[in-house]
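Heads up, the working numbering is the position in the sequence shown plus 390, with the first residue counted as 1.
Even glycine gets a Cβ: it sits at the ideal position worked out from N, Cα and C.
Here the structure is laid out as structure tokens; the discussion comes afterwards.
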Amino acid sequence: MGPLTPERRPRPHDLVQARSVDDLRPADASAPRPAWVPEALTRGDAPWAVVRRGAPAGAAVLVGVRGSTRSERWAAELDPSAVRDVVRPADVPRIPRAGRAALPVFAALARVAPLLDAVAPGAWGPVGSCAYELVNGIPVVRDGSDLDLVIDAPTPLDAAEWIRVAAALRAAAGDVRADVQVLTPHGGFALDEWTRAGSAGVALRTDAGPRLVADPWATPAGGGR
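Shown next as structure tokens:
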């Protein structure tokens, strides 16, 4: 955790806390701010938002603001100087607030944690509604929520090992759908898709949009992400 520095730039899925609600501005200046946004940004230990992919204008940080329902999402941006705190997925607390541990997502997180700690120590963490509630304290997780996870993998993973890991994660998650994204220097991809794709390639989510690649760690033509 901590504020931004030249060496600590936000990445997709990071949670960022703005210094004030007014620091968040619409990503599309022509689109009005939804009516639910002010209340959403003043609940809990707000204002928190999640970093999203895209090509910002200048140095702006692209973020998404979460409302109280699945349909309430707002694309916004803020200046790096307006960021008070950044929480990486690996730094998200894993203990939910009192009375919330029995929810399926938090129970599944407790079951998969030892598996991922063994194969990716310090390089994985929850994202999505699970991370938002664990950091902010706002009860956004529901009984039917998915368990969204990311694994930071700057160097290639061993496919044979991770086929076994993916199967073990599905078993440990039980009835909860676990969506595991792997982050490379060039974008992110779904672990399940990669372990099943073989030579067919995998969809890599980049700042310029998704692309089908054979090797998600290979530098794309022309460089960049």
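Distance between residue j and residue i (C-alpha atoms, nearest Å)
i: P529; j: E523; result: 6 Å
i: P470; j: D569; result: 29 Å
i: G515; j: P422; result: 33 Å
i: P437; j: A419; result: 20 Å
i: T432; j: A491; result: 24 Å
i: W425; j: S461; result: Position check: residue 425 holds Ala in this sequence, whereas Trp was assumed. For A425 and S461, the distance between alpha carbons rounds to 13 Å.
i: A624; j: D542; result: Shown here, the chain extends from 391 to 615; a query on residue 624 therefore has no answer.
i: D412; j: A590; result: 46 Å
i: A430; j: N526; result: 12 Å
i: D475; j: G588; result: 40 Å
Beta bridge counterpart(s) of residue i as assigned by DSSP
i: V477; result: L405
i: T574; result: G577
i: W464; result: V455
i: A568; result: L537
Cβ shell of residue i (< 8 Å), same chain only, five flanking positions each side left out
i: P544; result: T574, P575
i: R442; result: P402, L452, V453, G454, A465
Cβ neighbours of residue i in the same chain (closer than 6 Å, five flanking residues each side left out)
i: R478; result: D404
i: V517; result: H403, P479, D538, V540
Chain C contact for residue i (CB, 8 Å cutoff)
i: D404; result: This model lacks chain C altogether, as it is built from one protein chain only.
Quiz item: Residue ranges of each alpha helix (DSSP H) run of no fewer than 4 residues wholly in the region 490-536, ordered along the chain?
Solution: 494-509, 518-526
Quiz item: Any contact of the region 448-458 with the region 406-416, i.e. 3+ C-beta pairs under 8 Å?
Solution: yes
Quiz item: Is there contact here, the region 544-552 with the region 497-504, by at least three beta-carbon pairs under 8 Å?
Solution: no
Quiz prompt | Residue ranges of each alpha helix (DSSP H) within the region 533-564, 4 or longer | solution = 549-563
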